[in-house]
Amino acid sequence: MKLDAIDRKLLNMAQSNFPIVARPYKELGHRLGISEEQVIERLQRLKDEDYIRRLGGIFDSRKLGYKGTLCGIKVPAHRIDEVAAVVNSYPGITHNYLREGEYNMWFTVLANSPDKVKKILEEISEKTGITDILNLPSERVFKVLVNFELDEV
Amino acid sequence: MLTKLEKNIIKELQKGLPLVPQPFAHLGEKLGLTEKELLEIIDQLMEKGYMKRMGAALRHHRVGFVANAMVVWQVPEDMVEEVGNKLAAHPEVTHCYQRKTYPHWKYNFYTMIHRQSREECYDLAEELSRLVGIKEYKLLFSTKELKKSSMAYFADEK
Chain A
0 MKLDAIDRKL LNMAQSNFPI VARPYKELGH RLGISEEQVI ERLQRLKDED
50 YIRRLGGIFD SRKLGYKGTL CGIKVPAHRI DEVAAVVNSY PGITHNYLRE
100 GEYNMWFTVL ANSPDKVKKI LEEISEKTGI TDILNLPSER VFKVLVNFEL
150 DEV
Chain B
0 MLTKLEKNII KELQKGLPLV PQPFAHLGEK LGLTEKELLE IIDQLMEKGY
50 MKRMGAALRH HRVGFVANAM VVWQVPEDMV EEVGNKLAAH PEVTHCYQRK
100 TYPHWKYNFY TMIHRQSREE CYDLAEELSR LVGIKEYKLL FSTKELKKSS
150 MAYFADEK
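Keeping their order, the protein sequence lines are chains A and B. In terms of numbering that gives the first Met the number 0, the first sequence has 137 at position 138, counting the first letter as 1, and numbering is strictly consecutive. In terms of numbering that gives the first Met the number 0, the second sequence has 69 at position 70, counting the first letter as 1, and numbering is strictly consecutive.
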């Protein structure tokens, strides 16, 4: 499926300018010149086809009392799947990417106390035997705004 | 402190907004609230900064941003404020953090960039480098997404 101009506009609006009102899809439809029903159908299709990962509230994890960190580890090529299975098994690990470089597996850890973050990292070390974990807690957050502006032409 | 009701609302909104004409009335019913009451509490959660916004999180690969790089920087301590603000102000930078360093890992700044090709990522990093006057940086391109999910806040609280 290809995105048409209305899909693109809708995705841009749904990311950055979603109305918090009783009939949000009607409001989006009004802005796009389509019906409420058509907005719902399009959003459903965009979700089904995995363009939209989630449509919901976006929260400030620190304000909610969660502590987070970014970690990098060195995983030999033949152990990637096995180590990823251990790392990914924790709900607080929301992002995990293979990247180029000496430290090749990078993941984020989020938990509701520093002790829990520490415990998760200790368990990963124990289960995988990888002890060299580059643990990079944030000292300051300058920006988190994940918005992908799509060309609307 | 968040009340139990507020936490339950956050849990629901984190799971997602149903695709029905009156999604807040629908969620309100689950939570024992009227549509109006729920909308009011959501406004308060936004005002207090717990909720940043409502909206869609996209699969960036699916919408054409196939190249993504974590650009790591070595920023001298006395330039942190200025560099952080400049990088954060750039529309193409989605994340900008100052992080802990180690003797064997001196990068203290982390920015994420997403573009349509590797070349575009290199060009953007170079542009950012000129903008902030920092030459010590490198791009760590992602080669595979192993996990990308949304946090389930308060999942272990009944």
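C-beta atoms are modelled at their ideal positions from N, C-alpha and C, and glycine is treated no differently. Here the structure is a predicted model, which means the values were calculated and not measured.
Legend entry - alpha helix (DSSP H) segment containing glutamate 5(B), residue limits: Per DSSP, glutamate 5(B) is one residue of the alpha helix (DSSP H) stretching across 3-14.
Inset, instruction - Look at the Cβ atom of lysine 134(B), then the Cβ atom of serine 128(B), and state whether they are nearer than 8 Å. - result: Cβ distance < 8 Å, so lysine 134(B) and serine 128(B) count as in contact.
Inset, instruction - Report the neighbours of glutamine 73(B) on chain A: residues whose CB is nearer than 8 Å to its CB, in chain order. - result: Going along chain A, no residue has its Cβ under 8 Å from glutamine 73(B), so there is no contact; the nearest lies around 13 Å.
Legend entry - Within chain A, the residues that methionine 50(B) reaches when beta carbons sit closer than 8 Å: Near methionine 50(B) (Cβ distances below 8 Å), the residues of chain A are Gly56, Ile57, Phe58 and Asp59.
Legend entry - Beta-carbon contacts of serine 60(A) that lie in its chain and below 8 Å, excluding the five residues immediately before and after: Excluding residues within five positions, the ones whose Cβ falls inside 8 Å are Gly67 and Leu109.
Inset, instruction - Look up histidine 25(B) in the DSSP assignment and give the residues it is bridged to. - result: Per DSSP, none; premise fails for histidine 25(B).
Legend entry - Rounded C-alpha distance that separates asparagine 134(A) from proline 75(A): Approximately 19 Å between the Cα atoms of the pair.
Legend entry - asparagine 84(B) burial status per 10 Å Cβ neighbour count (16 or more: buried): With fewer than 16 other Cβ atoms within 10 Å, it is exposed.
Legend entry - Segment contact flag, the region 31-43 of chain A with the region 33-48 of chain B, C-beta cutoff 8 Å, min 3 pairs: Three or more Cβ pairs closer than 8 Å define a contact, and the region 31-43 of chain A falls short of that threshold against the region 33-48 of chain B.
Legend entry - Outcome for aspartate 47(A) when other beta-carbon atoms lying within 10 angstroms are tallied against a minimum of 16: Around the C-beta of aspartate 47(A), fewer than 16 other C-beta atoms lie within 10 Å, and the residue is accordingly described as exposed.
Inset, instruction - Identify each residue in the region 90-120 of chain B for which the Cβ-Cβ distance to at least one residue of chain A is less than 9 Å, and report them in chain order. - result: Against chain A - using a Cβ distance shorter than 9 Å - the residues of the region 90-120 of chain B are Pro90, Val92, Thr93, His94, Cys95, Tyr96, Gln97, Arg98, Lys99, Thr100, Tyr101, His103, Trp104, Tyr106, Asn107, Phe108, Tyr109, Thr110, Met111 and His113.
Legend entry - the region 114-132 of chain B in contact with the region 63-81 of chain B per 3-pair CB rule at 8 Å: Yes, the region 114-132 of chain B is in contact with the region 63-81 of chain B.
Inset, instruction - Return the chain-ordered list of same chain residues with a C-beta closer than 7 Å to the C-beta of serine 112(A), the five sequence neighbours on each side being excluded. - result: Excluding the 5 residues flanking it on each side, serine 112(A) has same chain C-beta neighbours closer than 7 Å at Lys66, in chain order.
Inset, instruction - For alanine 13(A), return the contacting residues in chain B, with the cut-off set at a CB-CB distance below 8 Å. - result: Here the neighbours are Gly54 and Ala55.
Inset, instruction - Can you pull the chain B residues whose beta carbon is under 7 Å from the beta carbon of leucine 31(A), in chain order? - result: Within chain B, not a single residue places a beta-carbon under 7 Å from that of leucine 31(A); the smallest gap is close to 14 Å.
Inset, instruction - Along the beta strand (DSSP E) that carries serine 60(A), what are the first and last residues, could you check? - result: No beta strand (DSSP E) holds serine 60(A); DSSP gives it neither H nor E.
Legend entry - Rounded distance between the beta-carbons of serine 124(A) and threonine 130(A), thought under 8 Å: Contact flag correct, Cβ pair sits at about 5 Å.
Inset, instruction - Compare the beta carbon distance of threonine 107(A) and isoleucine 119(A) with 8 Å and say whether it is the shorter of the two. - result: No. Outside cutoff.
Inset, instruction - For the beta strand (DSSP E) containing isoleucine 40(B), list its first residue and its last residue. - result: Per DSSP, isoleucine 40(B) lies in no beta strand (DSSP E); the unbroken alpha helix (DSSP H) holding it starts and ends at 34-46.
Inset, instruction - Show which residues of chain B have a CB atom less than 7 Å away from the CB atom of lysine 62(A). - result: Within chain B, the C-beta atoms nearer than 7 Å to that of lysine 62(A) come from Gly48 and Tyr49, in chain order.
Inset, instruction - Kindly indicate if chain A contains any beta-carbon less than 8 Å away from that of valine 159(B). - result: Summary: the structure shown does not reach residue 159(B), with chain B confined to residues 0 through 157, and so no result is reported for it.
Inset, instruction - Determine the direct distance from the alpha carbon of valine 140(A) to that of lysine 115(A), and round the result to whole angstroms. - result: One alpha carbon belongs to lysine 115(A), the other to valine 140(A), and they sit about 21 Å apart.
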